Amino acid sequence: MTVLCAGLLATCLTPLAAAGSEVVSQRKMKVDGVDIFYREAGNATKPVIVLLHGFPSSSHMFRDLLPDLSQDFHVFAPDYPGMGNSGIPSDGADPLTFDRVADYIEGFLRAVHADTTILYMQDFGGPVGIRLALRHPDRIAGLIIQNTPVSLDGWEPNRLKALESSKALSTLDRRAAAESRVSLATDILLYRKGANRPDEVSPDAWSSDAFALADPARHKATTDLQLDIVSNLDLYPAWQAYLQNARPKALVVWGDGDPIFAPRGADAFAEYDTNTVVRHYASGHFALEERHQDIAREIIARFGAGSL
């Protein structure tokens, strides 16, 4: 994949955080002709953490975690192409798949010189991040997993049944079902369902997502990824083998009230990778909305300088 970095400085919207500050920069760079929006914080001399967001969100889901981690890490949070504030592949491009998103993020990491990274993966971030880890296991300094499974028992049973049965549907019916899930109603459900205090979850979260969901081209791109979810199921054995063989240093932070992903999915990681610490939270799919400070403390304890 070609990475075009020319003009990067011209697209910086705010200055890079000074060492030890909590300033978060908002930037864009071109990767294979598409503008990739990203947030950056922390100190360039510190270990790199790359935050990979879920559905139907963006790097906005990490808005509180970024300053929490900025003292101890150099943190990047990109938006996937067609999601958040990133650009959209041209009309003539093939539908988005998790393989293609991983290509873009791999190009992004190369451009920002993130040669060795800790990957934080939530929901869609799991299929993206594990693909990157399998491609370049030597570049992975650790994994942080939030509500994204690598086993069938990590799914809520009814959702898994619907996903598997969708294989038998016609292309049109599969797309119609996927499009129905790419909605603000689904988004709000994911933020509020299972949250410990749903009435205290800020509506700013889904208001940010609503911008992308309302755009037809972004809606199509996100629907393409919804359709590609089923392809991940067949890859689980390879992902499990990677965890068993590579044994990356890992931390699982799981919202147990998630309506899509079951708490069993968190514990499965420790069975495949014995170098894993698991933390369960009384929260939902987007546990960072309620527990970002607790999760940040766990990340610092597991991967910060004091953990070495």
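According to the numbering used here, the residues represented by the sequence shown are 224 to 531, in order. Don't be surprised by glycine CBs; every beta carbon is placed ideally from N, CA and C. What you are looking at is a predicted structure, and each value in this text was computed from that prediction instead of being measured.
If I measure Cβ to Cβ from Ala242 and keep anything under 7 Å in the same chain, skipping five residues before and after, which residues do I get? Bear in mind that a pLDDT of 40 at Ala242, under 50, signals an unreliable position, so the model cannot answer this.
Which value, in whole angstroms, describes the spacing of the CA atoms of Ser280 and Ala433? If I take the Cα positions, the gap works out to 9 Å.
Strand pairing of Asp258, partner residues [DSSP]: Paired residues: Lys253.
Spatial distance of Asp255 from Val335 (CA atoms): Straight-line measurement puts the Cα of Val335 at about 14 Å from the Cα of Asp255.
Between Ala510 and Leu413, what straight-line distance do the alpha-carbon atoms span, to the nearest angstrom? Their Cα atoms are separated by approximately 10 Å.
Considering only residues of the stretch 387-423, which uninterrupted alpha helix (DSSP H) runs meet the minimum length of 4 residues and lie entirely inside it, listed in chain order? Taking only runs of at least 4 residues, the alpha helix (DSSP H) segments lying wholly in the stretch 387-423 are 394-404 and 407-415.
What residue does the beta strand (DSSP E) around Val271 start on, and which one ends it? Its beta strand (DSSP E) spans residues Val271 to Leu275.
Are three or more beta carbon pairs between the stretch 472-482 and the stretch 446-455 nearer than 8 Å? Counting Cβ pairs under 8 Å, fewer than three are found: no touch.
Quick one: what's Ile311 bridged to in DSSP? Ile311 is not bridged to any residue.
Between Ile311 and Ala444, what straight-line distance do the alpha-carbon atoms span, to the nearest angstrom? Answer to the nearest angstrom: the Cα atoms are 8 Å apart.
On the three-state DSSP scale, how would you describe Pro290? Here Pro290 sits in helix by DSSP.
Between Asn419 and His508, how many whole angstroms is the CB-CB distance? I'm expecting something under 8 Å. Incorrect: roughly 13 Å between the Cβ atoms, too far for contact.
Going by DSSP, what residues sit across from Leu474 in a beta bridge? Paired residue(s): Ile367 and Val500.
Compute the beta-carbon to beta-carbon distance between Thr446 and Arg470, rounded to the nearest angstrom, for a pair I have assumed lies under 8 Å. With a Cβ gap of about 36 Å, Thr446 and Arg470 do not count as contacting.
Closer than 6 Å by C-beta to Met224: which residues in its own chain qualify, once you throw out the five before and the five after it? Chain order, please. Confidence is the limiting factor: at Met224 the pLDDT is only 43, short of 50, which leaves the residue's position unreliable and the question unanswerable from this model.
Please state whether the Cβ-Cβ distance between Arg397 and Ile483 is less than 8 Å. No, the Cβ-Cβ distance between Arg397 and Ile483 is not below 8 Å.
Could you name the residues of the same chain whose beta carbon sits closer than 6 Å to that of Leu342, not counting the 5 residues immediately before and after it, in chain order? Listed in chain order, the non-local C-beta contacts of Leu342 below 6 Å within the same chain comprise Val273, Gly352 and Leu366, local neighbours out to five positions each way being set aside.
Can you have a look at Ala519 and say buried or exposed, based on whether 16 or more other CB atoms are within 10 angstroms of its CB? By the neighbour-count criterion, in which 16 or more other beta carbons inside 10 Å mark a residue as buried, Ala519 falls on the buried side.
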